[in-house]
Amino acid sequence: MRILIRTIALVFVLTMQLSPLAAQQPRQQEEFTPIDQLPPQEQLPAAPLLVGAYAFVLLMLFGYVVMVSRRLSTIRSEVDRLDADVKRIGKG
Amino acid sequence: MPKWFQSTTLLCGALFAISPFVIANAPYESTMGLVQKVFYYHMPSAWVFLTASVICGIASARFLATGNPRHDRTALAAAEMAVLFGLLTLVTGPLWARKAWGTWWIWDARITSSLVGWMIAWAYLILRKYGGPGSEKLSAGLALFGMANVPFIYVSVNYWRTIHPATTVVPKLPFSMGFPLLFCLTCFFLLMFLLMKLRVHVAEQQARLDAIYLSLDEQA
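If you read the sequences in order, they're chains A and B. FYI, the numbering for the first sequence is 11 to 102, going by our numbering. FYI, the numbering for the second sequence is 5 to 224, going by our numbering.
Here you go:
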C-alpha cells in the first residue's frame with residue numbers, strides 16, 4: 011500500500027513538472043496550408059555564402075603564398091649561414 | 005628567381021584585383037540568382053585542381069622512367085597545387101550548393117570522385133613527408149592513380165544521375181557570362197603557373213641545402 015502511495019505521488023510530481031513543458035509546445039496542426047514562396051525571414055540569403063566563398067579562396071591563396079615565401083627565406087638564410095661557416099673554416 | 009617572375013606576379017595580382025569587378029558586371033543566372041556567381045571562382049579552381057593532378061601524374065611517370073629529380077620536384081609542386089585548389093573547389097562548391105540545391109553535400113559521382121582525387125593528392129604529400137627513404141617512387145606511383153581519376157571526374161556528370169551542372173554548360177555560356185569565366189580562368193592558371201614555379205624553386209634550394217650538408221658530412 012505504501013509503495014502504491016509513493017508511486018502515485020511520484021507520478022503526480024513528475025506530471026506537475028512536465029506540465030509547463032507541455033504548455034510550451036507548439037499548437038497541434040489540424041491541416042497543412044500550402045504557400046508559393048518561403049516567408050522572407052526563412053529564405054536563405056545568398057550574399058553571405060557568396061562573400062564567404064570568395065573570401066575563403068583569397069585567404070587560402072594568400073596563406074599559401076606566405077607559407078611558401080617563409081619556407082624559401084628559411085632555406086636561403088640557412089644556405090647563407092652554411093656558406094659563411096664554410097668560408098670561416100677555410101680561412102681558419 | 006628570374007626577372008619576368010616579378011612582373012608576371014604583379015600582372016597576376018592586378019588581374020585578381022580586377023576580377024571581382026568583372027564578376028560583379030556578369031548577369032545573374034535565372035534560376036540560381038546571386039549565388040551562381042560562386043561559379044567564377046569555383047570552376048577555375050576545379051580546372052586548376054584537375055590540371056595539377058594531370059601534371060603531377062605525368063611528372064611522376066617521367067620521374068619513374070628516367071629517375072631525374074627535376075621531374076620529381078615538378079610532381080611535388082603540382083601535388084601541392086592539387087591539394088590547394090582541390091580544397092578551394094570542395095569548399096566553394098558546398099557554399100554554392102547550400103543555396104542552389106538546399107544541401108551542403110551530395111554523394112554523387114562528380115563530387116565523390118573529386119573528394120577521392122583530392123585525398124589522393126593529400127596522400128601523395130603525406131607519403132612524401134613521412135614515408136622515409138624511397139617514398140618518392142611510392143608517391144609517384146600514387147600520383148598515377150590521381151591522374152587516372154581525372155577523366156572520370158570530368159565525364160561523371162554526363163553518365164551518372166546528378167544535380168551537378170553538366171559539362172555542356174560552359175560551351176553554351178553567353179558572352180556576358182563566358183568572358184568573366186575566361187578572365188578568372190586566366191587568373192587561376194597564371195597563378196598556378198607562378199606558384200608552381202615558386203614551389204619548384206623552393207624544392208631546388210632545399211636540394212642544394214641537402215647537398216651542402218651531405219658534402220660537409222663527407223668532409224668531416
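Yeah, the Cβ is synthetic: ideal placement off N, Cα and C, and Gly gets one too. Fair warning: this is a prediction, and the values are worked out from it, not measured in the lab.
Start-to-end residues for the alpha helix (DSSP H) that takes in residue i
i, result
"Arg165/B", "From DSSP, Arg165/B is part of no alpha helix (DSSP H); its letter is neither H nor E."
"Met5/B", "Element bounds for Met5/B: n/a, residue is neither H nor E."
"Val174/B", "Careful: Val174/B lies outside any alpha helix (DSSP H) and carries neither H nor E."
"Ile85/A", "57-101"
"Phe197/B", "179-223"
Neighbourhood of residue i by C-beta, 7 Å cutoff - its chain only, sequence neighbours within 5 removed
i, result
"Trp164/B", "Asp112, Ala113"
"Ala56/B", "Ala82, Met85, Ala86, Phe89, Met196"
"Trp126/B", "Val87"
"Leu99/B", "Val42"
"Asn162/B", "Ala170, Thr171"
"Lys141/B", "Leu68"
Beta-carbon neighbours of residue i, restricted to chain B and to distances below 8 Å
i, result
"Leu59/A", "Val39, Val42, Leu99, Trp100, Arg102, Lys103"
"Ala63/A", "Val42, Tyr45, His46, Val95, Thr96, Leu99, Trp100"
beta-carbon residue i near the ligand ADP non-hydrogen atom, thresh 8 Å
i, result
"Cys60/B", "Here there are no bound small molecules, and the ligand ADP is not part of this structure."
Closer than 9 Å at the beta carbon, the chain A residues around residue i
i, result
"Leu54/B", "Residues of chain A passing the Cβ test: none, with the nearest at roughly 17 Å."
"Lys212/B", "Position check: residue 212/B holds Arg in this sequence, whereas Lys was assumed. By Cβ distance, chain A contributes Ile85, Val89."
When the options are compared against residue i, the one with the closest alpha-carbon
i, options, result
"Trp105/B", "Ser160/B, His46/B, Met36/B", "Met36/B"
"Ser49/B", "Ala18/B, Leu189/B, Leu99/B, Trp122/B", "Leu189/B"
"Ile62/B", "His46/B, Met47/B, Leu80/B, Tyr45/B", "Leu80/B"
"Asp214/B", "Gly100/A, Leu92/A, Arg12/A", "Leu92/A"
"Leu185/B", "Leu220/B, Thr107/B, Tyr44/B", "Tyr44/B"
"Ser34/B", "Thr93/B, Pro98/B, Met181/B, Gly150/B", "Met181/B"
"Tyr128/B", "Gly145/B, Pro137/B, Ser117/B", "Gly145/B"
"Leu54/A", "His46/B, Val39/B, Leu54/B, Met47/B", "Val39/B"
"Val174/B", "His46/B, Ala147/B, Phe9/B, Ile59/B", "His46/B"
"Arg132/B", "Ala207/B, Lys103/B, Thr166/B, Thr171/B", "Ala207/B"
"Val120/B", "Val154/B, Lys201/B, Arg203/B", "Val154/B"
"Leu94/B", "Ser117/B, Ile22/B, Thr172/B, Ala211/B", "Ser117/B"
"Arg86/A", "Ile216/B, Gln209/B, Tyr32/B, Leu218/B", "Gln209/B"
"Phe9/B", "Met123/B, Leu220/B, Glu140/B, Lys201/B", "Lys201/B"
"Pro24/B", "Leu14/A, Arg12/A, Val61/A, Ile18/A", "Val61/A"
"Gly150/B", "Pro137/B, Ala101/B, Gln223/B, Leu54/B", "Leu54/B"
"Leu148/B", "Tyr134/B, Ile124/B, Val159/B", "Ile124/B"
"Ala30/B", "Tyr217/B, Phe183/B, Gln223/B", "Phe183/B"
"Phe156/B", "Phe179/B, Leu218/B, Val58/B, Tyr32/B", "Val58/B"
"Trp109/B", "Thr166/B, Thr12/B, Gly135/B", "Thr166/B"
Under 8 Å from the C-beta of residue i: neighbouring residues of chain A
i, result
"Val206/B", "Val78, Arg81, Leu82, Ile85"
"Ser49/B", "Val67"
"Gln209/B", "Leu82, Ile85, Arg86, Val89"
"Leu88/B", "Met70, Leu71, Tyr74"
"Leu195/B", "Leu71"
"Ile130/B", "Chain A residues near Ile130/B: none, gap ~17 Å exceeds 8 Å."
"Ile110/B", "Under the 8 Å cutoff, chain A gives no residues; its nearest Cβ is about 17 Å from Ile110/B."
Sequence-distant residues of its chain with Cβ nearer than 8 Å to residue i (five each side left out)
i, result
"Arg66/B", "Asn72, His75"
"Leu15/B", "Leu194"
"His205/B", "Met5"
Other residues of its chain near residue i: CB distance less than 6 Å, five sequence neighbours each side excluded
i, result
"Val52/B", "Phe89, Phe192, Met196"
"Leu19/B", "Cys191"
"Ser160/B", "Ala113, Arg114, Ser117"
Partner residues on chain B for residue i, Cβ-Cβ distance less than 7 Å
i, result
"Ala94/A", "None at all; the shortest Cβ gap to chain B is about 12 Å."
"Ala56/A", "Gly37, Leu38, Val39, Lys103"
Chain A residues whose Cβ lies nearer than 7 Å to that of residue i
i, result
"Arg203/B", "Val78"
"Leu148/B", "Correct list: empty, because the minimum Cβ distance to chain A is about 25 Å."
"Leu91/B", "Met70"
"Gln115/B", "Reading the sequence as shown, one finds Ile at residue 115/B and not Gln. Neighbours of Ile115/B on chain A: none; closest Cβ ~16 Å, over 7 Å."
Those runs of the alpha helix (DSSP H) which lie wholly inside the segment 34-105 of chain B and span at least 4 residues = Entirely contained in the segment 34-105 of chain B, the alpha helix (DSSP H) runs reaching 4 residues are, in chain order, 43-70, 73-104.
Could you tell me which uninterrupted alpha helix (DSSP H) segments, each at least 4 residues in length, are contained entirely in the segment 113-159 of chain B, listed from first to last along the chain?
-> Whole alpha helix (DSSP H) segments, 4+ residues: 113-134.
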